[in-house]
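Residue numbers (the numbering used here): 11 to 323.
Input: a single structure, listed below in structure tokens.
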């Protein structure tokens with residue numbers, strides 16, 4: 011059996027384990043949440059975001075589904091209501107500061123605080139073997155800067171609690187620093203981004219500015235960036251780095267005001283983002299995100315997960 015076949019076999023075995031874990035109900039001592047627990051999900055109108063909303067609602071939380079397009083968002087709310095789930099909708103475009111500000115004001119007026127933020131909204135314009143960077147500006151602006159704006163805007167609204175508030179960033183293995191494939195070839199930059207103690211927002215943003223500048227002047231292909239899904243991979247690399255940075259900063263908060271922030275890869279999921287060509291169902295793709303949002307017991311922060319297991323950045 012070759013390496014590809016062995017990898018496929020391991021993946022299928024783990025997915026079977028995940029399918030089993032999804033059927034195991036939470037025990038009473040694991041359930042720290044209630045109907046008063048509030049979760050916000052960005053990009054919740056379809057795909058993984060919609061499924062995260064559905065699963066959180068099934069677990070009995072108050073779920074606020076957000077989307078850029080109000081029509082699509084309200085339609086998703088109606089679909090979920092047909093199966094007996096009641097969710098709240100609000101329009102939100104994470105690339106527009108005024109939209110985030112309106113959402114924050116509405117949230118403050120209607121809710122006492124936030125327990126869970128799931129940053130799912132994202133875009134990708136490459137399918138299959140395509141690797142255009144034509145939309146690199148939009149990809150970086152949405153996947154990284156939009157996510158960062160949401161985190162900055164919602165942190166002041168997160169509730170103090172014994173179990174801690176949670177931020178879950180939907181990311182991708184394509185953004186791994188030290189993966190065997192598709193990593194950036196600039197060893198010095200890899201080392202800088204790997205060192206969580208010296209990691210800074212300036213370093214992340216400067217790296218992205220360099221990438222965008224090279225896209226604009228046509229030199230990106232020789233810049234050492236990932237060679238497939240390039241703009242998407244770079245955006246998720248930045249999300250992963252920012253997750254580690256924020257985990258370090260938020261760990262300094264006093265007890266009962268802790269915020270735990272992690273990221274996860276849902277796998278190659280059959281959604282519009284992949285042209286419905288993935289291996290995993292949306293249920294499987296959403297599972298680890300929901301698991302992280304509801305995790306009880308020992309606090310986990312600044313980590314990267316896939317299939318409910320920690321993986322390397």
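Cβ atoms here follow ideal geometry from the backbone N, Cα and C, with glycine treated the same way.
Inside the region 188-216, DSSP marks whole alpha helix (DSSP H) runs of 4 or more residues at positions 197-204, from first to last along the chain.
Counting only runs of 4+ residues, the alpha helix (DSSP H) found wholly inside the region 281-320 occupies 292-304, in chain order. Of the other Cβ atoms in all chains shown, 16 or more fall within 10 Å of the Cβ of residue 181; this residue is therefore buried. Shortest Cα-Cα distance from residue 251 to any of 199, 166 and 106 involves 199. Residue pairing for residue 110: DSSP places it in no beta bridge. For residue 88, the enclosing alpha helix (DSSP H) starts and ends at 80-91. Cα atoms of residue 136 and residue 228: separation of roughly 18 Å, rounded to the nearest angstrom. The DSSP-derived three-state label of residue 127 is strand.
In this structure, residue 58 lies near residue 276, with their beta-carbon atoms less than 8 Å apart. Fewer than three Cβ pairs drawn from the region 116-135 and the region 209-228 lie within less than 8 Å of each other, which leaves the two stretches out of contact.
Within the same chain, and ignoring the five residues on either side of residue 174 in sequence, the residues whose Cβ sits closer than 7 Å to its Cβ are 268, 269, 270 and 309.
Secondary structure at residue 135: coil, using DSSP grouped into helix, strand and coil. In the three-state reduction of the DSSP assignment, residue 219 falls in the helix class. Beta-bridge pairing by DSSP links residue 98 to 74.
Where residue 250 is concerned, the enclosing alpha helix (DSSP H) starts and stops at 240-260. Annotation: residue 134 to residue 47 spans about 31 Å, alpha carbon to alpha carbon. Straight-line spacing of the CA atoms in residue 187 and residue 158 works out to 19 Å.
Under the three-state reduction of DSSP output, residue 154 falls in the helix class. Put simply, of 16, 123 and 51 the residue whose alpha carbon is nearest the alpha carbon of residue 171 is 123.
If you look at residue 49, you'll find it in the beta strand (DSSP E) that goes 48-51.
Membership of residue 21 in the alpha helix (DSSP H) is indicated by the continuous run 13-31.
Look at residue 149 here: in three-state DSSP terms it is helix. Closest in C-alpha terms to residue 118, from the list 168, 243, 154 and 89, comes 168.
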